[in-house]
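One structure is given here, and the rest of the page talks about it.
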Amino acid sequence: DRYNSWEACIKKLRKAGYSDREIEAILRSKWTRWAADSSSAPYGKSSSVALMNYINKNETKESVEQLTKETFEMI
2 DRYNSWEACI KKLRKAGYSD REIEAILRSK WTRWAADSSS APYGKSSSVA
52 LMNYINKNET KESVEQLTKE TFEMI
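Take a look at the structure:
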């Protein structure tokens, strides 16, 4: 409910070079909420840009790998 377009988020993450599994892990994570919280957009209007800004500022390749590992170990 927080994002204007989940499809746009997926496209941005793909363009940034993330694998399908990494994208799924990111979209299922709290990172999406934290990214939306850090955005000035109203509820339901957060953008893929806000998500990428959050990831670029706060996460690393290693943290994405760890998130992905943790996400799929639990399944």
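Here the numbering used here is used: the first residue of the sequence shown is 2, the next is one more, and so on.
Note that the Cβ used here is the ideal one computed from N, Cα and C, for glycine as well.
Whole angstroms is fine: what's the gap from Ile24's alpha carbon to Gly45's? On the sequence shown, position 23 is the one that residue 24 refers to. On the sequence shown, position 44 is the one that residue 45 refers to. Their backbone Cα atoms lie some 20 Å apart in a straight line.
Cβ neighbour criterion (16 or more within 10 Å) applied to Lys32: Here residue 32 refers to the residue found at position 31 when the sequence shown is read from its first residue. Going by the sequence as given, residue 32 is Trp instead of Lys. So Trp32 ends up on the buried side.
Spatial neighbours of Ser48 in its chain, beta-carbon cut-off 6 Å, leaving aside the 5 residues before and after: Indexing the sequence shown from 1 puts residue 48 at position 47. Excluding residues within five positions, the ones whose Cβ falls inside 6 Å are Asn5.
Can you give me the start and stop residues for the alpha helix (DSSP H) that Ser64 sits inside? Position 63 of the sequence shown, counting from 1, holds the residue named residue 64. Taken as a continuous stretch (DSSP letters only), the alpha helix (DSSP H) holding Ser64 covers 62–74.
Can you tell me which residues form a DSSP beta bridge with Tyr4? Locating residue 4 in the sequence shown gives position 3, where the first residue counts as 1. Note: Tyr4 sits in a beta bridge opposite Ser47.
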